[in-house]
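Report on the structure given below.
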Amino acid sequence: MEMDISYSWDTYDEFDKFIQRMNPPRVVIDNESSANATVVRVDSANKNGILLEVVRVLTDLNLFITKAYISSDGGWFMDVFHITDRDGKKLRDETTINRIVDYIRKSLGADSSFVPSRRRSVDVAPSSNHTSIELTGTDRPGLLSEVSAVLNDLKCNVVNAEVWTHNTRAAAVMQVTDEVTGAAITDPARLSRIKLLLCNVLKGNNKARGAKTEVSMMETHTDRRLHQLMFDDRDYERCDGNSGHEALRPNVALDDLADKEYSVVTVRCKDRPKLLFDTICTLTDMEYVVFHGTVDGEGPEAFQARQISQSFEYYIRHVDGGRVNCDAERQRVIQCLEAAIERRVSEGLKLELCTSDRVGLLSDVTRIFRENSLSVTRAEVSTRGGKAVNTFYVRDVAGYPVDAKTIDSIRQSIGQAVLQVKGHSDQPKAPQESSPTRFLFGGLFRSKSLCNFGLVRP
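The opening position of the sequence shown corresponds to residue 1 in full-length UniProt numbering, with each subsequent residue numbered one higher.
Set out below in structure tokens:
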């Protein structure tokens, strides 16, 4: 008698859980072996995506990874991370140390929501507290102001949001609630209207590149999702004449290690938080596996440039076991890693806003920026205990340094104590001639309203 045996995802998931229960992750915190950092050692049964999951936990706890040694060849995963707090100091607080151990064990354990076999899962979980909105489209001055005004007109309150811009493209993940109830928006007709109107705003007059809007009741990991949105939008494809500032671009190279059947990726760039996460995230979503690797924050670049830099070396293969095998694939990996690093580089002047939260706050603040010919290049919006804690990176729409008188005028409009200037980014303070299409019509937004979309009265 022939037997027809088939396996579902659930079958594989149960098998994975059985293996994980037989080999629970081991996490050791060492505060003695390094003079400058706390050392975290993680041992676990190996599975695709485990490296990204551990790095995600550490970065989500606002910890800096200064060094790392990666080894996951075969059936076992063994990594060592040197970490510090935000002030660059070793961890002394027992509560924080215990939290690291607990979070990593739960994240990698048999009962975790981590599903390595499903590439696009991104820690998806249902949420009844808010509705998630994902946006991608062409970047332009006043875009965040327009999106915020639309949501405000539709009686949606933005409680959390993160916006990235790179290479003339923009992506955002926003969490909104109903203005009246303070809960998630569930009405299908209303969600469809939100999606349609936001998509119209994102498209604007640009028909060359598309715009996408998605709304859902699911909650995802914001940074990971932003990387995926911009990757899917092909922001790594540089426009003609838009090569960016060459001196500030990361140095990425890819070579073959023929005798070991690996491709070797090396990255050198200025250090900043979440660099390891950004690069591992992109390699994972491109379906490459890091078998071995090192991360070092101390190198010759730091001395020569008189600034802290970081170098990475990854030994990778495609998930099917093959190396990078042609020049086109090699260039694509390099371009995608460059883009992953550059997305989080914040051009412009850093402004921090802290005030009591209210409906329409984001719309009002970004409108004032737009009316003063400032463009938001990156934004982090959050609500904590009734307080709005927002960070904006702004620049002049023509690419010139932000005028001090303009900032003074904006602070008077918003409130001197509410809006604080936190300093400039490291981008060169010169007109952005390399991006002629970027904000070419910025001056129009001083007086342009949203009347064209039928949402705001003139």
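Even for Gly, the Cβ is constructed at its ideal location relative to N, Cα and C.
All figures in this text were calculated on a predicted structure; none of them were measured in a lab.
{"query": "R234: beta carbon under 6 Å from a heavy atom of the ligand SAM?", "result": "Judged by which ligands are present, the structure shown has none, so any question about the ligand SAM falls away."}
{"query": "Let me know the secondary structure DSSP gives I97 once reduced to three states.", "result": "helix"}
{"query": "Taking a contact to mean a Cβ-Cβ separation below 7 Å, would you say V296 touches S309 in this structure?", "result": "At residue 296 the sequence reads Asp, which differs from the Val that was named. Not closer than 7 Å, so no."}
{"query": "Could you tell me the boundaries of the alpha helix (DSSP H) in which H227 lies?", "result": "T222 to D232"}
{"query": "From the DSSP output, in three-state form, read off L154 for me.", "result": "coil"}
{"query": "Out of curiosity, what's the CA-to-CA distance linking R140 and N167?", "result": "11 Å"}
{"query": "Applying the criterion that 16 or more other CB atoms from any shown protein chain within 10 Å of the CB defines a buried residue, is W164 buried or exposed?", "result": "buried"}
{"query": "How is R26 classed by DSSP in three states: helix, strand or coil?", "result": "strand"}
{"query": "Would you call the stretch 314–321 in contact with the stretch 95–110, where contact means no fewer than 3 C-beta pairs closer than 8 Å?", "result": "no"}
{"query": "Can you give the Cα-Cα distance for N390 and R378, rounded to whole angstroms?", "result": "11 Å"}
{"query": "Here's the rule I'm using: 16 or more other beta-carbon atoms within 10 Å means buried, otherwise exposed. How should Q416 be labelled?", "result": "exposed"}
{"query": "How would you call L196, buried or exposed, if buried means at least 16 neighbouring beta carbons within 10 angstroms?", "result": "exposed"}
{"query": "Report buried or exposed for S33, applying the criterion of at least 16 other Cβ atoms within 10 angstroms of its Cβ.", "result": "exposed"}
{"query": "Rounded to the nearest angstrom, what separates T136 and L254 at their Cα positions?", "result": "29 Å"}
{"query": "In terms of DSSP beta bridges, what is Y69 paired with?", "result": "V80 and T294"}
{"query": "Can you check which of these residues, Y236, K47, L337 and D259, is closest to S71 by C-alpha distance?", "result": "K47"}
{"query": "Quick check on DSSP: helix, strand or coil for S263?", "result": "strand"}
{"query": "Look up Q310 in the DSSP assignment and say whether it is helix, strand or coil.", "result": "strand"}
{"query": "Let me confirm a value: P188 is counted as buried when at least 16 other C-beta atoms fall within 10 Å, else exposed. Which label applies?", "result": "exposed"}
{"query": "Considering only the beta carbon of each residue, do D79 and F291 sit closer than 7 Å?", "result": "no"}
{"query": "Kindly identify the DSSP beta-bridge partner or partners of Y315.", "result": "V264 and H292"}
{"query": "Please list the segments of the beta strand (DSSP E) lying wholly inside the stretch 159–191, counting only runs of 3 or more residues, in order along the chain.", "result": "169–178"}
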